[in-house]
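When we follow full-length UniProt numbering, the leftmost residue of the sequence shown carries the number 1, and every step to the right adds one.
Positions of the beta carbon are idealized from the N, C-alpha and C atoms, including for glycine.
What you are looking at is a predicted structure, and each value in this text was computed from that prediction instead of being measured.
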Amino acid sequence: MAEFLSRRDVDFLLYEWLDVVALTKRDHFAEHSRDTFDAVLELSEDIATKCFAPHNKKCDQNEPTVGPDGKVVLIDEIQEALKTFSEAGLIAGAFDESVGGMQLPMVVAQASMAFFRAANPGMIAYPFLTVGNANLLVEYGTEEQIDTWVRPMLEGRYFGTMCLSEPNAGSSLADITTKAVPAADGTYRVTGTKMWITGGDHELTENIVHLVLAKAPGGGPGVKGISLFIVPKFLADGTRNDVALVSLNHKMGNHGTTNALLNFGDGTFASTNEPGAVGYLVGEEHKGLAYMFHMMNESRLAVGLQATATGYAGYLASLAYAKERTQGRPVDSKDPSRPPVALIEHADIKRMLLAQKSYVEGALALCMYCAVLVDEGRTSTAADRDRAHLLLEVLTPMAKSWPSQWCLEANNLAIQVHGGYGYTKEFDVEQGYRDNRLNAIHEGTHGIHGLDLLGRKVVMKDGAGLTLLTERINQTIEAALASDSTAAYAKELREAVQRLVDVTATLWAAGDIATTLANSTTYLEAAGHVVVAWMWLEQLIAASDHEGDFYDGKRAAAQYFYAYELPKVGPQFDLLASLDRTTVDAKAGWF
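What follows is the structure, encoded as structure tokens:
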């Protein structure tokens, strides 16, 4: 049994709450059943336990290096584990059978991935990016591109990346300078530099398929000029493309994953008379950013799940430690002759464990709910499909950022539960914190997602997204009001939801966009707390009158969240409603 993710919790979310078996009544998933879902989960848990988890610390202690021949050097276990993962067909899990996939529901595929994310965050990044890359090409690529690049990725022979940022243009993609010029043979020649490329170079697979944002002629300034290109490390005929590793970046965590500075078309591996790396246009010119958002939004949800899984692993590690480690005596018994009690008997340790449990299990529920919305968007009727897409758009900034903030806090508390030992490298919780700290910036900072949520998502289509979200939450509230065990929680959540609606209106009535968006990160955090409180109310309803430690644990974590966490949104909404301009009016010279 995995020690880094609760299979019991996964089963509860999939089968007792979300009823994913009902998806098999839809034509797209008709070949599946509870048995096939369980088989995938059991296989995932087994491979993650045997092939990923044992090398998590070794990956951390042996960062990638560049050898004398210019090739990336990684520990052998990474390639061996990823080969096992690929041969199990798990990269292709949620893809259609027509391209070689298993046609699993996304929610089951994401539950499967959660085991690997929890077991070894550094190693799973390679297939995770490959899946996103392949999904984009299935959506927007030609049949030839799918046959040439996607099928080998789903087989695990090729891995994929996304190349957006540049040394002087991180999140500001309008400022990228990488260029793509049409060549006589119908391809393009790509020249430029890309920074922070996860999985950007390695020897793990036969090839690496880079998806590169670049500006083609005639597109105009800013993001309107951006196009998207397939720029492989090796061309289809095996010729080395002009993609060169300049250096590796060494981040504070995820040491099993390479992170690269790449030059495209600098002449290092020139193989054509025309300068530049050979690139193949995806879709139409100057629509590249819109295409890339397909992968970016998928990656944002994946980063949220990664943060959740890493926090979950820390929680379970600290829980095990708290049960085993004895120290101190109860506050009402000072008898020095009495043996020390387990840490978990102390109220403050239980506080930290409940906090972690409320964060990671609430976040996992949110991640699984978002995955179900993906399935709804793929297989529902037109009206339901549109509503699923709309709700997912509203939830995505929170599903990425909330776990990245609060499941990191779970890792922080996991260290504290361990006491002094938690701050040493001998215990996994120190690494877990460093690994998880990266997720606050992966696929956009909290600030970016706050601007996205308040500046776009809750007001798009005349506020239809926020209206749909509140409708869904209110449906849960109405169901919870019918039970004495959940009615009090429902009333608290109803007040918080109304405040969210009211504050949103107040912010947009300000008539000054700078004031409206000044505290959008606070808005993101408050809205995220409201949404996770909703996820907990949903879980309470699913637990209903079931008995046993598992269900009592759910009820205790929900009680903690409503007693300790949801009340935090009150002062945050007060701040937002005041239209505070402290951050807007502060002058650079004051710092």
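Residue(s) in a DSSP beta bridge with residue i
| i | result |
| --- | --- |
| A53 | DSSP output for A53 lists no bridge partner at all. |
| P182 | Y188 |
| residue 620 | Outside the displayed span of the chain (1 to 591) sits residue 620, for which this structure offers no information. |
| C163 | V212 |
| A307 | None; A307 has no bridge partner. |
| F95 | DSSP lists no partner for F95. |
| L262 | K194 and L245 |
| T326 | A342 |
| Y489 | None, per the DSSP bridge assignment. |
| A169 | E166 |
| Y158 | N207 |
Presumed contact (8 Å Cβ cut-off) between residue i and residue j, rounded CB distance
| i | j | result |
| --- | --- | --- |
| T521 | G447 | 5 Å |
| T310 | C407 | 7 Å |
| V20 | P105 | 6 Å |
| I226 | G288 | 4 Å |
| A410 | T506 | Actually they are not in contact, since the Cβ atoms of A410 and T506 sit about 32 Å apart, beyond 8 Å. |
| P397 | H449 | 4 Å |
| G156 | I91 | 6 Å |
| T476 | E538 | 6 Å |
| A277 | R189 | 7 Å |
| M352 | V417 | 5 Å |
Same chain only: Cβ atoms within 8 Å of residue i, ignoring 5 sequence neighbours per side
| i | result |
| --- | --- |
| A557 | L354, K357, S358, E361, G362 and W536 |
| V66 | V72, V73, L245, S247 and L248 |
| S483 | I541 and S544 |
| L392 | C370, L373, V374 and G377 |
| N120 | A48, F52, A53, H55, N56, C59, A81 and G256 |
| D552 | none |
Contact check, residue i vs residue j, beta carbons under 8 Å
| i | j | result |
| --- | --- | --- |
| S33 | G444 | no |
| L281 | A260 | no |
| V372 | V107 | yes |
| T191 | G93 | no |
| G528 | S401 | yes |
| A342 | R325 | yes |
| L23 | M368 | no |
| G30 | A2 | Before going further, note that residue 30 is Ala rather than Gly in the sequence given. Contact flag unset, no. |
| V223 | V231 | no |
| G304 | T258 | no |
| M153 | T130 | yes |
| F573 | R472 | no |
| A216 | T178 | no |
| A533 | L575 | no |
| A88 | L43 | yes |
| E274 | A183 | yes |
| R437 | M252 | yes |
| N524 | L453 | For the sequence presented, residue 524 should be read as Leu rather than Asn. Yes, Cβ-Cβ distance for L524 and L453 is below 8 Å. |
| F4 | A313 | yes |
Same chain, Cβ closer than 7 Å to residue i, five either side skipped, listed in chain order
| i | result |
| --- | --- |
| K57 | D428 and Q431 |
| H250 | E63 |
| E203 | K71 and V72 |
| W17 | E538, Q539 and A542 |
| A125 | T198, G199, N254 and T257 |
| M123 | F52, C59, I78, A81, L82 and G256 |
Three-way DSSP call (helix, strand, coil) for residue i in this model
| i | result |
| --- | --- |
| F128 | helix |
| residue 620 | Since the displayed the chain opens at 1 and closes at 591, residue 620 lies outside it and no answer follows. |
| F269 | coil |
| T504 | helix |
| T65 | strand |
| V107 | helix |
| N207 | strand |
| F4 | coil |
| S247 | strand |
| M252 | coil |
| L14 | helix |
| S227 | strand |
| K58 | helix |
| F561 | helix |
| I441 | coil |
| L281 | strand |
| A482 | coil |
| V532 | helix |
| V72 | strand |
Beta-carbon contacts of residue i that lie in its chain and below 6 Å, excluding the five residues immediately before and after
| i | result |
| --- | --- |
| S299 | G132 and E443 |
| L301 | C370 and A399 |
| M162 | L211 and M295 |
| G219 | G225 and H286 |
| H389 | G377 |
| A174 | G222 and V223 |
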